[in-house]
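Enquirer: Below is one structure. I have some questions about it.
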Amino acid sequence: MKKDHTDVVEIYTDGACRGNPGPGGWGALLRYKGVEKELSGFETRTTNNRMELMAAIRAIEAMKKPTRIELYTDSQYVKKGMSEWISGWKAKGWKNSKKEPVANADLWQELEALSQNHTISWHWVKGHSGHPENDRVDQLANEAIDLGLETLAHHT
């Protein structure tokens, strides 16, 4: 597949969890040529790391064609996982350095497969530090939890 990306999409992602595990949410902000799109989602029982991964997965999934992406996350787990650890995990049959199964391997494999169609630069930003886009995706993730819990409460 030819990778044609003359333009860059900026993606900001975050995950949140109330309890770990517990109800969780994720948020993503996509920006292309000044136009922004927000995405978010909820899961009833999950972990913070799974929500961080889901935010990146759902954001990259939203790309309709091969794209050059600058992805910003406040999760060292996501950034280092994709830029440092994943090749070793794959080489070892999805085992970590302790020869144990990689946590969240299902999501890592999904994220890695989605990433193949794009050129992605992974960036870490300090969370809760006044970074406007990171603050926004944190808000989206928490709003998704609030809405999900409210919806569950009305259906019980």
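Following full-length UniProt numbering, the numbering of the sequence shown begins with 1 at its first residue and continues without gaps. Here a beta-carbon is modelled for each residue, glycine too, at the ideal position from N, C-alpha and C. These numbers were taken from a predicted model, which means no experiment stands behind them.
1) For the stretch 91-102 and the stretch 43-58, state whether three or more C-beta atom pairs, one from each stretch, are separated by less than 8 angstroms.
2) Can you find the residues in the same chain that come closer than 6 angstroms, C-beta to C-beta, to S75, ignoring five residues on each side of it along the sequence?
3) Based on Cα-Cα distance, which residue from W26, V8, G15, G22 lies nearest to G34?
4) Would you mind reading off the limits of the alpha helix (DSSP H) that contains K90?
5) Tell me whether A103 is buried or exposed, calling it buried when 16 or more other Cβ atoms sit within 10 Å of its Cβ.
6) Suppose contacts are defined by Cβ-Cβ distances below 9 angstroms. Is residue 157 in contact with W26 by that definition?
7) What residues in its chain sit with their C-beta under 7 angstroms from that of Y77, if we drop five residues either side in the sequence?
8) Taking the DSSP output, what are the residues bridged to S121?
9) According to DSSP, simplified to helix, strand and coil, what is V35?
10) Please state if the CB of A105 and the CB of W89 are separated by a distance shorter than 9 angstroms.
11) Identify, in the order they occur along the chain, each residue of the same chain with its Cβ nearer than 8 angstroms to the Cβ of E36, setting aside the five sequence neighbours on each side.
12) In whole angstroms, give me the CA-to-CA distance for N134 and E84.
13) If you check the beta carbons only, do I86 and I11 fall under 9 angstroms apart?
14) Assign S83 to one of three DSSP states: helix, strand, or coil.
15) Report yes if the CB atom of M82 is closer than 9 angstroms to the CB atom of I120, and no otherwise.
16) May I have the straight-line CA-CA distance separating D151 from K98, to the nearest angstrom?
Expert: In this structure, then:
1) Too few Cβ pairs lie closer than 8 angstroms, so no.
2) Within the same chain, S75 has close Cβ partners E52.
3) Out of W26, V8, G15, G22, V8 has the C-alpha closest to the C-alpha of G34.
4) If you look at K90, you'll find it in the alpha helix (DSSP H) that goes 86-91.
5) An exposed status is given to A103, since fewer than 16 other beta-carbon atoms sit within 10 Å of its beta-carbon.
6) Past the boundaries of the shown model lies residue 157; the chain is included only from 1 to 156, so the question cannot be answered.
7) These residues qualify, in order along the chain: N49, E52.
8) In the DSSP assignment, S121 forms a beta bridge with E70.
9) It is a strand residue.
10) Closer than 9 angstroms, so yes.
11) If we look at E36 and ignore the five residues flanking it on each side, its Cβ neighbours are L29, L30.
12) A direct Cα-to-Cα measurement between N134 and E84 gives close to 22 angstroms.
13) Not closer than 9 angstroms, so no.
14) Helix at S83.
15) Going by C-beta atoms, M82 is nearer than 9 angstroms to I120.
16) Sequence check: residue 151 is Thr here, not Asp. T151 and K98 have their C-alpha atoms some 41 angstroms from each other.
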